[in-house]
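Residue numbers (the working numbering): 10 to 236.
Below, the structure is given as structure tokens:
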């Protein structure tokens, strides 16, 4: 991708861009970093920033996206045909469906995935009937230390969203049957999660018991029951 030339003469261009545009915090921050590099005549930093695009808009948005993906352990830098940083592919992806899976407008989906550094996140594709929305998981979503934490947060958010529309008079957009079916599915899933957790707790307790018995046998007989 052709790089934008950033040098000492770029300072006026950048200041003009800042003055003429309504920028968000991260854009101003990155542009100020570039201005600092110009003042220090830091050719290495200027070259790095320039590698992210052929315009200041491309550079600021791509640099921000790259830094966000680093938070998930994704280090690859590659661009699409329009010069935008390609989104990384999350690992261990799961699509959990709640509601009537046979009709597009009658179910919601929790998307789960993790980064290279085992940081997890989730996003929702939600449907109330006719109304709905959502997005795929991205590096801009909330970070979690485990799959369980991300899944729990996703379930809670979806449950709150569905519950908030119960009794809504706009039954075309907020189909009450869709809402209740989705909530029932979430409840069933949460029960299954608890049962699975109890199973692993019980299994671990049994393993610890076997180890204890084995140690006792070894103490009294100088031999092990389990090899």
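The beta carbon of each residue, even a glycine, is placed where N, CA and C say it ideally should be.
Practice prompt. Could you tell me the boundaries of the beta strand (DSSP E) in which residue 116 lies?
Written response: Looking up residue 116 in the chain shown gives position 107. Residues 116-123.
Worksheet entry | Cutoff 7 angstroms; reference residue 44; Cβ partners in own chain excluding five residues on either side | In the chain shown, counting from the first residue as 1, residue 44 sits at position 35. Within the same chain, residue 44 has close Cβ partners 20 and 23.
Practice prompt. Report the option in 135, 139 and 121 whose CA atom is closest to the CA atom of residue 4.
Written response: Absent from the structure is residue 4, since the part of the chain shown begins at 10 and ends at 236.
Fill in: Contacts around residue 65, its chain only, beta-carbon distance under 6 angstroms, and the 5 residues preceding and following it disregarded
On the chain shown, position 56 is the one that residue 65 refers to. The answer, listed in chain order, is 26.
Worksheet entry | residue 24 - DSSP class collapsed to helix/strand/coil | Along the chain shown, one-based indexing puts residue 24 at 15. Under the three-state reduction of DSSP output, residue 24 falls in the helix class.
Fill in: Distance, residue 28 Cα to residue 74 Cα
Counting from 1 along the chain shown, the entry for residue 74 is found at position 65. Counting from 1 along the chain shown, the entry for residue 28 is found at position 19. Those two C-alpha atoms are separated by around 23 angstroms.
Item to complete: Compute the Euclidean distance between the alpha carbons of residue 103 and residue 158, then round it to the nearest angstrom.
Response: Your numbering for residue 103 matches position 94 in the chain shown. Your numbering for residue 158 matches position 149 in the chain shown. Straight across, the Cα-Cα distance linking residue 103 with residue 158 is about 14 angstroms.
Worksheet item: Three-state secondary structure (DSSP) at residue 200?
Response: Numbered from its first residue, the chain shown carries residue 200 at position 191. For residue 200, the three-state secondary structure derived from DSSP is helix.
Worksheet item: Who are residue 132's beta bridge partners in DSSP?
Response: Numbered from 1 along the chain shown, position 123 holds the residue referred to as residue 132. Residue pairing by DSSP places residue 132 opposite 120 in a beta bridge.
Discussion item. With H, G and I counted as helix, E and B as strand and the rest as coil, what does DSSP make of residue 236?
Written reply: The residue labelled residue 236 in the question sits at position 227 within the chain shown. With a pLDDT of only 48 at residue 236, under the threshold of 50, the placement of this residue in the model should not be trusted, and no figure is reported.
Item to complete: Could you tell me which of 63, 69, 18 and 60 sits nearest to residue 34, measuring between CA atoms?
Response: Here residue 34 is taken as the residue at index 25 of the chain shown, counted from 1. Between residue 34 and the set 63, 69, 18 and 60, the nearest pair of CA atoms involves 69.
Worksheet item: If we ignore side chains and look at the alpha-carbon of each, how far apart do residue 83 and residue 76 end up?
Response: Locating residue 83 in the chain shown gives position 74, where the first residue counts as 1. Locating residue 76 in the chain shown gives position 67, where the first residue counts as 1. Annotation: residue 83 to residue 76 spans about 9 angstroms, alpha carbon to alpha carbon.
Worksheet item: Around the Cβ of residue 196, are there at least 16 other Cβ atoms within 10 angstroms (buried) or fewer (exposed)?
Response: Within the chain shown, numbered from 1, the residue matching residue 196 stands at position 187. By the neighbour-count rule (16 or more Cβ atoms within 10 Å), residue 196 is not buried but exposed.
Discussion item. I'd like the list of long-range same chain contacts for residue 156, defined as Cβ closer than 6 angstroms, with 5 residues on each side in sequence excluded.
Written reply: Walking along the chain shown from the start, residue 156 turns up at place 147. Close CB contacts of residue 156 within its chain, under the 6 angstroms cut and outside five residues either way in sequence, are with 129 (chain order).
Worksheet item: Going by the CB atoms, is the gap between residue 17 and residue 58 shorter than 8 angstroms?
Response: What you label residue 58 is simply residue 49 of the chain shown in a count that begins at 1. What you label residue 17 is simply residue 8 of the chain shown in a count that begins at 1. Contact: no.
Worksheet item: Cβ atoms of residue 187 and residue 108: under 8 angstroms apart, would you say?
Response: The count along the chain shown starts at 1 and reaches residue 108 at position 99. The count along the chain shown starts at 1 and reaches residue 187 at position 178. The criterion of a C-beta distance shorter than 8 angstroms is satisfied by residue 108 and residue 187.
Fill in: 4 or more residues per run - each alpha helix (DSSP H) lying fully within the segment 65-116
Runs found: 65-79.
Worksheet entry | Pair within 8 angstroms by beta-carbon distance, residue 80 and residue 152 | Along the chain shown, one-based indexing puts residue 80 at 71. Along the chain shown, one-based indexing puts residue 152 at 143. Yes, these two residues count as a Cβ contact at 8 angstroms.
Worksheet item: Along the chain, where does the beta strand (DSSP E) that runs through residue 138 open and close?
Response: On the chain shown, position 129 is the one that residue 138 refers to. That residue, residue 138, is in no beta strand (DSSP E); it is neither H nor E in DSSP.
Worksheet item: If you run the structure through DSSP and keep just helix, strand and coil, what is residue 153?
Response: Mapped onto the chain shown, residue 153 falls at position 144. It is a strand residue.
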